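In our numbering, the protein residues as written are 6 to 548.
Cβ coordinates follow ideal geometry from the N, Cα and C atoms, glycine included.
From a predicted model like this one, the values you see are computed outputs, not experimental measurements.
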Amino acid sequence: MGDGEGVDESGRTEFPSRRQALRTTLSVAAGMVLPSARDLNMGRTRAEAAMPITFEGVKAKARALAAAPHRPQADDLPPALAALSYDGYRAITFRAEASPRLGRYFSAQLFHRGFLQRKRVDLFLQPRQGPARPIAYAPDLFDLGPELKGRRFSPDLGFAGFRLHFAFEAGAPANQEEVLVFLGASYFRLRGFGQEYGLSARGAAIRTGGPGPEEFPDFTAFWICEPEADAREIEIWALLDAPSLAGAYRFRVAPGDPSVMRVEAALHPRVALDRLGLAPLTSMFLHGANGPGARGAEPFDDFRPQVHDSDGLAVLTRGERLWRPLTNGRAQPQISAFGVDPLEGFGLLQRTRDFPAYLDVQARHEARPGLWVAPEAGFGRGAVQLFEIPSREEYMDNIVAAFVAEAPVPAGAEWPVRYTLTTVDAEPVDVVPGAPARVVSTRVGSAERLRPTTPPSPGRRLYVVDFEGPALPTDRSATLTADVSASAGTLVDPVVEFVPQTGGWRLYVEWRPPTPLPGGDVILRARLIREGKAVTETWDMAV
Numbered sequence: 006m007g008d009g010e011g012v013d014e015s016g017r018t019e020f021p022s023r024r025q026a027l028r029t030t031l032s033v034a035a036g037m038v039l040p041s042a043r044d045l046n047m048g049r050t051r052a053e054a055a056m057p058i059t060f061e062g063v064k065a066k067a068r069a070l071a072a073a074p075h076r077p078q079a080d081d082l083p084p085a086l087a088a089l090s091y092d093g094y095r096a097i098t099f100r101a102e103a104s105p106r107l108g109r110y111f112s113a114q115l116f117h118r119g120f121l122q123r124k125r126v127d128l129f130l131q132p133r134q135g136p137a138r139p140i141a142y143a144p145d146l147f148d149l150g151p152e153l154k155g156r157r158f159s160p161d162l163g164f165a166g167f168r169l170h171f172a173f174e175a176g177a178p179a180n181q182e183e184v185l186v187f188l189g190a191s192y193f194r195l196r197g198f199g200q201e202y203g204l205s206a207r208g209a210a211i212r213t214g215g216p217g218p219e220e221f222p223d224f225t226a227f228w229i230c231e232p233e234a235d236a237r238e239i240e241i242w243a244l245l246d247a248p249s250l251a252g253a254y255r256f257r258v259a260p261g262d263p264s265v266m267r268v269e270a271a272l273h274p275r276v277a278l279d280r281l282g283l284a285p286l287t288s289m290f291l292h293g294a295n296g297p298g299a300r301g302a303e304p305f306d307d308f309r310p311q312v313h314d315s316d317g318l319a320v321l322t323r324g325e326r327l328w329r330p331l332t333n334g335r336a337q338p339q340i341s342a343f344g345v346d347p348l349e350g351f352g353l354l355q356r357t358r359d360f361p362a363y364l365d366v367q368a369r370h371e372a373r374p375g376l377w378v379a380p381e382a383g384f385g386r387g388a389v390q391l392f393e394i395p396s397r398e399e400y401m402d403n404i405v406a407a408f409v410a411e412a413p414v415p416a417g418a419e420w421p422v423r424y425t426l427t428t429v430d431a432e433p434v435d436v437v438p439g440a441p442a443r444v445v446s447t448r449v450g451s452a453e454r455l456r457p458t459t460p461p462s463p464g465r466r467l468y469v470v471d472f473e474g475p476a477l478p479t480d481r482s483a484t485l486t487a488d489v490s491a492s493a494g495t496l497v498d499p500v501v502e503f504v505p506q507t508g509g510w511r512l513y514v515e516w517r518p519p520t521p522l523p524g525g526d527v528i529l530r531a532r533l534i535r536e537g538k539a540v541t542e543t544w545d546m547a548v
């Protein structure tokens with residue numbers, strides 16, 4: 006029913022829920038992995054091995070990987086771990102007293118391999134002085150649970166991933182909460198103070214939505230850099246590999262309210278890539294305030310009014326911010342592209358932030374973060390692409406958003422990428438710039454309720470869009486008009502009115518669809534105008 010990964014009332018970290026275990030692994034079963042940590046150090050002289058690793062050194066490893074054919078790792082998971090049930094894997098817990106301490110405010114915990122988490126990830130600690138130290142696997146680091154009682158595994162087993170803990174309260178460094186997790190392919194999740202884990206980010210997305218088979222790159226090795234004793238930021242380096250791509254990543258993480266992650270990557274395509282997704286975000290949308298959303302979609306038999314980790318995509322380019330409510334229930338997956346030149350930012354956001362909208366005590370969807378991507382380098386002309394997969398299952402992440410360049414990324418050359426990820430709670434916040442008034446809800450119903458005809462016309466739909474923000478007047482006598490358009494059919498009789506209960510403004514507009522309906526989506530757009538200028542972001546709805 007919920008996604009229970011997080012921190013319980015005692016301050017202990019809970020194990021990933023069934024949804025987290027499944028959603029980060031079922032979708033990446035076809036990926037490949039790099040050779041072990043021993044291979045990473047081959048070719049280094051004894052003097053070089055005694056020196057600290059640097060990010061430039063990780064970039065050199067990525068260049069060397071890309072210059073050679075991709076090497077898939079043998080499936081070496083011991084049978085006892087491969088045969089684990091979900092409950093057996095969930096029962097494996099890391100012993101908190103074994104957590105590597107990283108200054109006063111950070112510590113790390115490790116994930117065991119097993120069940121669906123089959124792939125090995127090599128982990129290193131990079132001290133402030135001296136060479137990197139491999140983190141060696143030992144069964145005593147874990148309580149292996151009843152299914153593995155008495156079992157011992159080789160020190161070569163390695164780990165499936167890791168998570169960082171952080172003391173949000175500077176005066177209580179021992180009171181640490183989970184803030185960041187890397188587990189499964191190139192997926193990672195970040196949360197801010199007071200938030201629950203929700204959507205995931207990824208290192209890269211390759212051919213998401215086709216044509217051609219999608220690849221899921223793997224983070225195959227991590228170097229966790231020891232921070233200064235009192236530092237409240239930490240740096241992590243990672244090596245990424247896939248059949249078509251290798252890369253080096255630097256993550257500078259500053260947890261807080263919000264949490265901020267600065268990402269720097271050097272990507273090395275082995276082949277030309279015409280669908281390389283940068284800064285990809287992955288989320289779940291089952292149903293929301295406007296129902297499943299798609300035309301003719303089957304309703305959900307669910308006591309909860311809404312079930313989603315994100316309710317919309319925001320895209321900012323050249324001063325215009327667009328809001329696309331997410332949609333489920335189509336017969337087939339759908340790709341939407343939002344052209345940008347240049348991209349100023351995008352994010353999957355959770356704008357509905359009150360408990361009555363969800364009524365899920367365990368999942369706490371109202372506390373799920375949004376993530377905002379602010380590009381710095383590597384993002385030129387292209388499009389933010391939204392991939393929506395029809396789903397009836399809550400554990401499935403069925404939403405992907407990423408920037409895809411207009412021109413193919415060539416093979417051989419290094420492609421530098423820099424961007425910032427920021428967790429978003431309630432809006433408006435400075436990190437999501439653009440028009441100060443935003444869409445806060447979209448609701449759909451029969452237009453016959455307000456404008457009945459004889460005989461009734463069931464195809465007529467009424468769209469009700471609420472806007473809030475400081476650019477909107479608080480005087481109900483002010484004059485606002487609506488700028489509306491439809492790619493097919495007609496939007497008629499738009500009405501704009503002040504909402505005294507919220508201080509916002511509401512648009513009512515009826516869509517009269519064409520006959521016959523087109524096969525694909527129809528795009529409806531609207532924004533509010535005052536004195537000839539747009540004072541809201543653009544509502545962009547696919548129906």
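Residue environment, residue i, which counts as buried when at least 16 other CB atoms sit within 10 Å
i: Lys154; result: exposed
i: Asn333; result: buried
i: Tyr91; result: exposed
i: Gln122; result: buried
i: Thr213; result: buried
i: Ala88; result: exposed
i: Gln134; result: exposed
i: Asp306; result: exposed
i: Gln4; result: Only positions 6 to 548 of the chain appear in this structure, which leaves residue 4 out of reach.
i: Leu533; result: buried
i: Ser612; result: Past the boundaries of the shown model lies residue 612; the chain is included only from 6 to 548, so the question cannot be answered.
i: Phe116; result: buried
i: Gly114; result: Inspection of the sequence shows that residue 114 is occupied by Gln rather than by Gly. Gln114 comes out buried.
i: Phe308; result: exposed
i: Gly324; result: exposed
i: Gly439; result: buried
i: Gly48; result: Residue confidence for Gly48 is low, a pLDDT of 46 falling below 50, so the modelled location carries little weight and cannot support an answer.
i: Thr30; result: Reliability fails at Thr30, whose pLDDT of 34 lies under 50, so the model's placement of it is uncertain and the value that follows must be treated cautiously. Buried is the call here.
i: Asp235; result: exposed
i: Met56; result: exposed
i: Lys66; result: buried
i: Gln311; result: buried
i: Ala179; result: exposed
i: Thr458; result: exposed
i: Asp545; result: buried
i: Gln506; result: exposed
i: Thr225; result: buried
Where the alpha helix (DSSP H) containing residue i begins and where it ends
i: Val63; result: 60-71
i: Arg86; result: As written in the sequence, residue 86 is Leu, which differs from the Arg given in the question. 84-87 is the span of the alpha helix (DSSP H), which, as asked, contains Leu86.
i: Arg95; result: 91-95
Among the options, nearest to residue i - alpha-carbon criterion
i: His273; options: Met266, Arg267, Leu281; result: Leu281
i: His313; options: Glu349, Ala271, Tyr363; result: Tyr363
i: Asp434; options: Arg466, Pro374, Ala418; result: Just to set this straight, residue 434 is Val in the shown sequence, not Asp. The option with the nearest alpha carbon to Val434 is Pro374.
i: Thr486; options: Arg466, Pro475, Asp498; result: Asp498
i: Ala247; options: Glu240, Arg257, Pro222; result: Pro222
i: Tyr513; options: Ala234, Leu107, Arg454; result: Arg454
i: Gly352; options: Val405, Gly93, Arg397, Gly197; result: Val405
i: Ser482; options: Arg106, Arg535, Thr520; result: Arg535
i: Ser112; options: Pro139, Ala69, Phe171; result: Phe171
i: Leu162; options: Asp127, Leu195, Ala175, Phe173; result: Asp127
i: Ser159; options: Arg138, Pro84, Tyr110, Leu169; result: Pro84
i: Arg240; options: Val268, Leu348, Ile140; result: At residue 240 the sequence reads Glu, which differs from the Arg that was named. Per the Cα distances, Val268.
i: Ser341; options: Val527, Leu244, Leu496; result: Val527
i: Leu244; options: Ala277, Gly317, Lys64, Thr357; result: Lys64
i: Pro519; options: Ala79, Gly494, Phe60; result: Gly494
Segment limits, beta strand (DSSP E) that includes residue i
i: Gly317; result: 317-322
i: Tyr192; result: 192-195
i: Val469; result: 466-473
i: Pro260; result: Looking at the DSSP string, Pro260 is not in any beta strand (DSSP E), and its letter there is neither H nor E.
i: Glu515; result: 509-517
i: Gln337; result: It is not in any beta strand (DSSP E) - Gln337 carries neither H nor E in the DSSP assignment.
i: Ile229; result: 223-230
i: Gln367; result: Run containing Gln367: none; DSSP gives neither H nor E here.
i: Gly352; result: 350-354
Residue i: CB within 7 angstroms of a non-hydrogen atom of the ligand NAD
i: Pro310; result: Looking for the ligand NAD in the displayed structure turns up nothing, as the structure carries no ligands at all.
Presumed contact (8 angstroms Cβ cut-off) between residue i and residue j, rounded CB distance
i: Thr447; j: Val436; result: Going by Cβ atoms, the distance from Thr447 to Val436 rounds to 23 angstroms, so no, they are not a contact pair.
i: Phe187; j: Gly166; result: 5 angstroms
So, does the region 396-405 touch the region 248-263, judging by three or more C-beta pairs under 8 angstroms?
no
Determine, using beta-carbon pairs with one atom in the region 179-191 and one in the region 199-219, whether at least three such pairs fall under 8 angstroms.
yes
Is the region 238-253 in contact with the region 375-388, if contact means three or more CB pairs nearer than 8 angstroms?
no
On the three-pair Cβ rule with 8 angstroms, is the region 70-84 touching the region 93-100?
no
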